[in-house]
């Protein structure tokens, strides 16, 4: 046998018997429908479950979007390697379930007056119960109003293993919030993008073209991400629900009843929750102001995302926020 033939044969044999390099996990995402109820009313919660391709985690993060968002906030169909919270978590071996809250997206959309903050917390509790048939641990991860729902749920039902609060503090920057509500929101019946869905005037959404100014910081945004936000993640919020979430979930000390670890993440340039009443310039400063709203059992941890505005999951440096969350989950046995 010629030397070159021998070499070729050896290379083929090595290729056949060598141990393959471990492949990077990918995300396996599926759409789900979960039946829930409130009194005599039956509803359906739409969600997206994302799992790593090579393992079955024992912990799942239940993701709760903010007001005027839907579950696409967590899996924006634009540069997913940079902006998709769900797919990035799956690549790192973690499971997530992003739900459309009642009144939003592909979940049931009843009359707006029926959708209260208390209802939202009850529905999340029912979804937690459903997830526990598949997972040992459930961690709530909220954004903005979703953080308020998370704190209401965790303090009422005591059925989760951790809470991540993002884009929210207990004392909003009232002048900016009022400005955003008055100038940045309008009834969904007036919205060219969402009015065809048939929502009643008690549902609000953002005025076209306003999300960049409301939810992002000038130095930490990708214009194409903002455009994708407007096109895919924009949705509606019930006025009744939003009022409850602000007064009960955020402004009240209901969070004192949370008995599991809590992580809080704010963008340093989140004008709706930082500035006048909350110092987001450093984690230590913000923690000192927020700690009185949590019990020692919450072991409150705080992180700030430099330069980010309100929507930390869609900031240019959102990967740092996800890294912080993963480290915190690992620290508390949920990674």
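Numbering (mature numbering (1 follows the signal peptide of the UniProt record, and there is no 0)), first residue to last: -23 to -1, 1 to 312.
Glycine included, C-beta positions come from ideal geometry on N, C-alpha and C.
Bear in mind that the values here come from a model prediction, so they are computed numbers and not experimental data.
Asked: Spatial distance of residue 217 from residue 79 (CA atoms); Found: 12 Å
Asked: Spatial distance of residue 306 from residue 140 (CA atoms); Found: 10 Å
Asked: Residue 38 vs residue 66 beta-carbon contact at 8 Å; Found: yes
Asked: Local conformation of residue 329 per DSSP, three classes; Found: No answer is possible for residue 329: the residues shown for the chain start at -23 and end at 312.
Asked: Separation of residue 246 from residue 259, as counted between CA atoms; Found: 11 Å
Asked: Beta carbon proximity, residue 20 to chain B, threshold 8 Å; Found: Structure shown: chain B not included; a single protein chain is present.
Asked: Beta-carbon proximity list for residue 254, same chain, < 7 Å, skipping 5 on both sides; Found: 148, 150
Asked: Residues of its chain near residue -19, where Cβ-Cβ distance is below 8 Å and the 5 sequence neighbours each way are ignored; Found: Note that residue -19 has pLDDT 40, beneath the 50 cutoff, so the model's placement of it is unreliable and the number below is only indicative. Answer for residue -19: no residue qualifies.
Asked: Buried/exposed call for residue 155, threshold 16 Cβ in 10 Å; Found: exposed
Asked: Rounded separation between residue 162 and residue 168 - CA only; Found: 10 Å
Asked: C-beta contact flag for residue 275 and residue 238 at 8 Å; Found: yes
Asked: For residue 120, the three-state DSSP class (helix, strand or coil); Found: strand
Asked: Buried versus exposed call for residue 29 [16 or more other C-beta atoms within 10 Å across all chains shown]; Found: buried
Asked: The region 166 to 181 / the region 126 to 144 touching (three or more Cβ pairs under 8 Å); Found: no
Asked: Residue 21 classed as buried or exposed, judged by whether at least 16 other C-beta atoms fall within 10 angstroms; Found: exposed
Asked: Segment contact, 8 Å Cβ cut-off, at least three pairs: the region 51 to 68 with the region 123 to 138; Found: no
Asked: Contacts around residue 166, its chain only, beta-carbon distance under 6 Å, and the 5 residues preceding and following it disregarded; Found: 172, 178
Asked: Closest by C-alpha distance to residue 282, when choosing among 51, 268, 261, 266; Found: 261
Asked: Segment contact flag, the region 91 to 105 with the region 51 to 62, C-beta cutoff 8 Å, min 3 pairs; Found: no
Asked: Nearest residue (CA-CA) to residue 5, options 13, 188, 54, 72; Found: 72
Asked: Nearest residue (CA-CA) to residue 202, options 267, 54, 135; Found: 54
Asked: Distance CB(residue 7)-CB(residue 26) smaller than 8 Å; Found: yes
Asked: Under the three-state DSSP convention, the category residue 230 falls into; Found: helix
Asked: Same chain, Cβ closer than 8 Å to residue 186, five either side skipped, listed in chain order; Found: 207
Asked: With 16 other Cβ atoms within 10 Å as the buried cut-off, status of residue 18; Found: exposed
Asked: Cα-Cα separation between residue -3 and residue 270, rounded to whole angstroms; Found: Because residue -3 carries a pLDDT of 40, less than 50, the predicted location of this residue cannot be relied on, and the following value inherits that uncertainty. Cα to Cα, residue -3 sits roughly 48 Å from residue 270.
Asked: Whole-angstrom C-beta distance between residue 82 and residue 153, which should lie under 8 Å; Found: Not confirmed; about 26 Å, so no contact.
Asked: N- and C-terminal bounds of the beta strand (DSSP E) containing residue 252; Found: Neither: residue 252 is in no beta strand (DSSP E) and is coded neither H nor E.
Asked: Same chain, Cβ closer than 7 Å to residue 103, five either side skipped, listed in chain order; Found: 13
Asked: First and last residue of the uninterrupted alpha helix (DSSP H) at residue 304; Found: 295 to 308
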